[in-house]
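Counting in full-length UniProt numbering, the sequence shown runs from 1 upward without gaps.
The C-beta atom is built at its ideal place from N, Cα and C for all residues, glycine as well.
Heads up, the thing below is written out as structure tokens.
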Amino acid sequence: MVEFKSEAALAAMRESGRVVATALAEVERAAGIGVSLRELDEVAREVLRKAGATSPFLGYRPSFAPVPFPAVICASVNDAVVHGIPTGYRLRDGDLVSIDCGALLDGWAGDAAVSFTVGPPRPEDQRLIDTARRALAAGIAAAVVGNRTGDIAHAIGTVARGARYGLLEGYGGHGIGRRMHEDPHLPNEGRPGRGFPLKPGLVLAIEPMLIAGGTDTHTTDPDGWTLRTTDGTRAAHVEHTVAITPTGPRILTLP
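Set out below in structure tokens:
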């Protein structure tokens with residue numbers, strides 16, 4: 001069932017979105033050479049604690065997962081695309097890191113992700129990250145009343161495929177509100193004019209997941225969560241929570 005949010009609900013989601021934005025900014029700031037992924041998770045936990053928010057990630061266990069997720073961020077490094085569990089791995093110069101974070105505040109969820117490198121980026125990594133950001137921007141620009149989810153998917157896919165990147169098969173964005181994952185599902189590739197209609201009050205987490213080698217397939221680590229590229233190439237994941245409004249898309253996960 002799809003829930004359309006009131007202006008009051010959107011205002012509340014904007015506040016949870018601010019918490020997510022702050023957590024991501026603090027994690028990126030802390031992500032230096034020698035810092036462990038668990039330490040980054042602690043940074044995000046402290047931001048949530050200070051804001052009086054909780055994590056929709058911590059303890060989350062969908063049907064595919066063998067164990068509940070044990071952290072408040074997903075920390076995916078290099079060939080890990082999404083859902084990386086923060087471990088004792090210490091960051092190295094040149095690592096490409098994708099951080100996904102959510103927050104629940106006053107009963108409403110926010111969800112966003114960023115990708116960045118540790119130290120100066122390799123040109124190919126910067127191009128991958130920049131293209132992921134452009135794909136996200138294109139998807140957000142298509143999130144207008146009168147369009148459909150297929151228009152967002154087509155906008156994302158056009159940017160990604162135009163740069164010869166892969167898109168993680170079977171994964172995409174989603175509705176969001178009182179829960180982190182709500183209907184409708186939002187693919188990262190599709191046909192314009194198809195899918196669920198975009199109406200005022202619909203809120204979507206839009207999240208391109210690009211694979212440098214051009215493949216779409218993935219493997220799953222023994223932890224049951226971390227998804228990796230099958231060709232060993234690097235990946236980038238970016239995301240915003242976006243509301244559909246009569247005056248255009250409203251990004252709820254900005255600082």
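In the DSSP assignment, residue 115 forms a beta bridge with 98. Residue pairing by DSSP places residue 239 opposite 113 in a beta bridge. By the CB criterion at 9 Å, residue 103 and residue 20 fall inside the cutoff. When secondary structure is reduced to three states using DSSP, residue 16 falls in the helix class.
Relative to residue 32, the option among 241, 92, 98 and 166 whose CA is nearest is 92. For residue 38, there is no enclosing beta strand (DSSP E); the enclosing alpha helix (DSSP H) has its first and last residue at 37-51. Going by beta carbons, residue 119 and residue 16 fall outside the 9 Å limit. As the crow flies, the alpha-carbon of residue 59 is around 25 Å from that of residue 10.
Between residue 241 and residue 80, the CB-CB gap reaches or exceeds 9 Å. With fewer than 16 other Cβ atoms inside 10 Å of its own Cβ, residue 66 counts as exposed. Fewer than three beta-carbon pairs drawn from the region 35-53 and the region 131-151 are found closer than 8 Å, and the two stretches are therefore not classed as touching. Beta bridge pairing from DSSP links residue 144 with no other residue. Here residue 152 is near residue 206, since their CB atoms are less than 9 Å apart. In the displayed model, residue 161 falls within a helix according to three-state DSSP. Put simply, the backbone Cα of residue 157 is about 32 Å away from that of residue 87.
Between the C-alpha atoms of residue 54 and residue 63 there is a straight-line separation of about 22 Å. Distances from the CA of residue 195 to each of 150, 115 and 255 were compared; the closest alpha carbon is that of 150. Annotated as distal: residue 163 and residue 203, with beta-carbon spacing of 9 Å or more. Using a Cβ distance threshold of 9 Å, residue 179 and residue 70 do not count as a contacting pair.
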